[in-house]
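In full-length UniProt numbering, the protein residues as written are 3 to 251. Below is one structure, written out as structure tokens; the observations come after it.
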Amino acid sequence: KRFDLTGKVALVTGASSGLGVHFARTLAAAGASVAIAARRADRLASLQAELQKLGGKAVAVELDVQSSDSITAAFATVEAALGPVDIVVNNAGISIVKPALEMPVEDWDAVVNTNLRGAWLVAQAAGKRWLMAKRPGVIVNIASILGLRTIGQVAPYNASKAGLIHLTRALAMEWARHDIRVNAICPGYIETEMNSDFWKTPAGQRLIDRIPQRRIGKPEHLDGALLLLSSDAGSFMTGSVLTVDGGHT
Ligand code: NDP
């Protein structure tokens, strides 16, 4: 089974809501043991129980990707519970919507430090461990079509996701010889609990009208890309950037 993840350990950042929850379920259903990580650790308990019911092992871990210490501690917890991490899904991300001239530097820092610096620190922590142990590894960075094209009022988000795409290519190039694969998924507009009301508003409808398939994406539309990049089915892929966006780009 080429998309099978039995025996693998996956770490999903930002697994306390939205896409991260779905990614954790998808990886667990494919056979992986899954570590679910976020700042709001209290929100992870029910998902952990659900994943364990799927038959695999799961651990919930508090993680703030803005903090190196937090990342080090999280890796230690995950390794103690599940063994060495094989797959990292850098999904933690935030967006702040404001016109550029009204965006304080604190907002820039929060967005870029989470989406770009955070992914970098988690990738570095994983890469270090894989190289030291001479183990292969896989990183899937969750970027966005807004890293490839822009809309108004999310300049730091646009910049962070464009940076994440190029970071993906840079790490892929550097680590390919060590059997570490680094790829990115660029989701288009995906409906989650957090934004489902927005898609019913006139502004939401206008965005949907610009999607060639004329419909909003669902988290499960990302499953194919996630499993391809995470599993041996994608073993000759590194530095790839997969858009999953209803034809947007
Ligand atoms: P949500 O807001 O639902 O989830 C974001 C997750 O990131 C939460 O679990 C949050 O948990 C976590 N997070 C935020 N900051 C940190 C931090 N410093 N350390 C650790 N975890 C953190 O958003 P989505 O599920 O919609 O988005 C997930 C990813 O997908 C993001 O990277 C986003 O940019 C990307 N994306 C989403 C699209 C969409 O349409 N939904 C489209 C394209 C890309 P907590 O607050 O508990 O830490």
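Glycine included, every Cβ here is placed at the ideal spot set by N, Cα and C. Everything numeric in this text was worked out from a predicted model, so none of it was measured.
For residue i, the first and last residue of its enclosing alpha helix (DSSP H)
| i | result |
| --- | --- |
| N143 | Taken as a continuous stretch (DSSP letters only), N143 belongs to no alpha helix (DSSP H), being part of the beta strand (DSSP E) at 139-144. |
| S64 | Looking at the sequence itself, residue 64 is Glu, so the reference to Ser does not match. Looking at the DSSP string, E64 is not in any alpha helix (DSSP H); the run it does join, the beta strand (DSSP E), is 60-64. |
The ligand NDP heavy atom lying under 8 Å from the CB of residue i
| i | result |
| --- | --- |
| P158 | no |
| D66 | yes |
| P101 | no |
| L29 | no |
| residue 1 | Limits of the chain in this structure are 3 at one end and 251 at the other, which puts residue 1 out of reach. |
| S97 | yes |
| A40 | yes |
| M196 | yes |
| R45 | yes |
Boundaries of the beta strand (DSSP E) in which residue i is found, first to last residue
| i | result |
| --- | --- |
| A40 | 35-40 |
| R131 | From DSSP, R131 is part of no beta strand (DSSP E) but of the alpha helix (DSSP H) over 120-135. |
| L113 | Note that residue 113 is Val in the sequence shown, not Leu. Careful: V113 lies outside any beta strand (DSSP E), inside the alpha helix (DSSP H) at 107-114. |
| V90 | 89-92 |
| V14 | 11-15 |
| L189 | Checking the displayed sequence, the identity of residue 189 turns out to be Pro instead of Leu. Here the beta strand (DSSP E) through P189 covers 182-189. |
| L244 | 243-246 |
Pick from the options that is closest to residue i, judged by C-alpha positions
| i | options | result |
| --- | --- | --- |
| A39 | R27, V61, Y191, I147 | V61 |
| A128 | S198, L244, R183 | R183 |
| residue 2 | D71, R4, G120, A37 | Only positions 3 to 251 of the chain appear in this structure, which leaves residue 2 out of reach. |
| D44 | K59, L166, G16, L7 | G16 |
| M196 | A121, L21, I210 | L21 |
| S48 | A76, S19, D66 | S19 |
| L53 | T74, A30, E176, A186 | A30 |
Whole-angstrom C-beta distance between residue j and residue i, which should lie under 8 Å
| i | j | result |
| --- | --- | --- |
| S35 | V14 | In fact, because the Cβ distance is near 11 Å, the residues do not count as touching under 8 Å. |
| I147 | H250 | 5 Å |
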